[in-house]
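Numbered according to mature numbering (1 follows the signal peptide of the UniProt record, and there is no 0), the sequence shown spans residues -23 to -1, 1 to 373.
A quick write-up on the structure given underneath.
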Amino acid sequence: MSPPPLRLLTCLALLAIAGTSHAAAPIPDTPPSVSLLIPPAPRLNTGGYALLDATNGQLLATQNPNHSVSPAASTKLMLAYLVFEEMAAHRLAPSNRLPVSVAAWRTPGSSMFLKPDTQVSVAHLLDGLITDGGNDAAVCLAQGIAGTRASALSLMNQTAHALGLEQTHYASVDGLNMKASRTTALDAARLAAAVVDRFPQDLGYFRHQSMRWDGIAQYNFDRLLERDPSALGLTVGDGTRGYGIVAAARQDGTTLIATVMDTPGEHRSVAHAFSHIAAQAYALLSWGFDNFTAHVLYRPDEALRRVHIRDAAHKIPLSVAQPLTVLVPRGSYHALHIRLTLDRNARAPVARHQAIGELKVRLDGRTIAHAPAIALHAAARENTFQRITSRLSRWL
């Protein structure tokens, strides 16, 4: 990658030490305003939408992102997250077989047609949950990972809180209790980003366009899978006020998340309604891929600059723990500003990879990404002679 432009280096050299720490500031709930270099984001007839980068949560476009909406099928996305978490911890495997309870069998609505007093593999249940939206599969998985539906529901809400989904509450594991459940387009997008980021090995479950169980073939209502070869799937469903889709697509190493919630349901058929919300998600994803480019600003183990920390024997080179990547409107790269803020309480000794500051990337006056600034090498405390010499040099 070519070096950052002079303007970035100049901003990076301005260290604001007083009164700040390295604690990460949240990325704002609205994207920065973009100049006339790119066309405006689509306006959609929907309750709310959000378009973001799955890697760092950078928001590209929103419309009523914090408006309370029905979770629709995003309830099942949270349940899938918990199942993937169990598999990642090796407490559950796709080949494990879970018992089908009478409660699961009796669950109304979408169904993969499970039979009571049988056992079904986790892999098949995930297929039923994701491809078919089966409520019976949801109850069976919930009981399998937590013992009871109530325990699983509590775990879902705890996980939502841990992920920072502050406006999300689930009232049932299958999504049927829609009136008491709530989320936002932004929370649903952040949940999707967490799934994509933490469980890449399990994303194949979302790309199945059909499934067969017990001789019955059923088809995925996510029409984006048919329309866009870059689509990763995720989930679709209907809520109390319309239809919703949580979609992801990957092009040239960049993964975008688009959520469209509470799209009005005045359509001639359910199939037409799902085609309509797929078209809305496609419009958002296409706008994002067409108008933004990814830039890796800094990489791990790449020294950004050397800084002096109190009591350190030498200046410390700073770096980042993960690649600092941002999506920038085409033609706007040179408008980026990068600011490094040091923790005023940092002092030697400093351990290797210890966070001692924060990098913020700003565009149009808004923070679009941030990352801890870490010590590339350990730094020992200065000895008495070095301390006297350094203080004399500052006085002189």
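Don't be surprised by glycine CBs; every beta carbon is placed ideally from N, CA and C.
This one's a predicted model, so the numbers in the text were calculated from it and none came from an experiment.
When secondary structure is reduced to three states using DSSP, E335 falls in the strand class. A residue is called buried when at least 16 other Cβ atoms come within 10 angstroms of its Cβ; S72 does not meet this threshold and is exposed. Within the segment 142 to 209, the runs of alpha helix (DSSP H) at least 4 residues long that lie entirely inside it are, in chain order, 162 to 175 and 201 to 204. Closest option to T108, judged by alpha-carbon separation, among A170, A166, T39 and G214: G214.
The DSSP-derived three-state label of H272 is strand. Scanning its chain for C-beta atoms nearer than 8 Å, with the 5 sequence neighbours on each side dropped, one finds around P85 the residues N112 and L153, in chain order. Counting along the chain, G221 sits inside the beta strand (DSSP E) bounded by residues G219 to Q228. Bounds of the alpha helix (DSSP H) holding D113 are N112 to A123. When DSSP states are grouped into helix, strand and coil, G34 belongs to the coil group. One thing to note: V150 has its Cβ within 7 Å of the Cβ of L130. DSSP assignment within the segment 10 to 87 yields the following whole beta strand (DSSP E) runs of 3 residues or more, N-terminal first: 25 to 30, 36 to 40 and 74 to 76.
Using a 10 angstroms sphere on the CB of Q195, the tally of other CB atoms reaches 16 or more, which defines it as buried. Residue pairing from DSSP places G216 in a beta bridge opposite G219. Secondary structure note for H311: it is in no alpha helix (DSSP H), with a DSSP letter that is neither H nor E.
Below 8 Å, too few C-beta pairs join the segment 241 to 248 and the segment 257 to 275 to call them touching: fewer than three.
If you draw a 10 Å sphere on the C-beta of R204, you find fewer than 16 other C-beta atoms in it, and that means exposed.
Look at Q299 here: in three-state DSSP terms it is coil, with no helix or strand label. Of the candidates M155, L142, M89 and T236, the residue whose Cα lies closest to the Cα of G192 is M89. Here S187 has T108, A194, Q195, Y196 and N197 as same chain residues with Cβ atoms under 8 Å from its own Cβ, once five neighbours each way along the sequence are excluded.
In this structure, the alpha-carbon of G110 lies about 15 Å from that of R83.
Under DSSP, the beta-bridge partners assigned to H347 are K337.
Inter-residue distance for T23 and K156 is about 18 Å (C-alpha atoms, whole angstroms).
Around the Cβ of T125, a 10 Å sphere holds fewer than 16 other Cβ atoms; the residue is exposed.
For D239, the secondary structure class from DSSP, reduced to helix, strand or coil, is strand. The C-beta of A139 has fewer than 16 other C-beta atoms within 10 Å across all chains shown, which makes the residue exposed. When DSSP states are grouped into helix, strand and coil, I234 belongs to the strand group. A direct Cα-to-Cα measurement between L91 and A81 gives close to 8 Å.
In this chain, S131 is not harboured by any beta strand (DSSP E); it is covered by the alpha helix (DSSP H) spanning R126 to A139. Just measuring C-alpha positions, the residue of L102, P326 and A332 sitting nearest T318 is A332.
Taking C-beta separations shorter than 7 Å and ignoring five residues to either side along the sequence, the partners of Y310 in its chain run H272, following chain order. Taking each of S252, L69, A290 and P177 in turn and checking the Cα distance to A325, the smallest one comes out for A290.
The DSSP-derived three-state label of S98 is strand.
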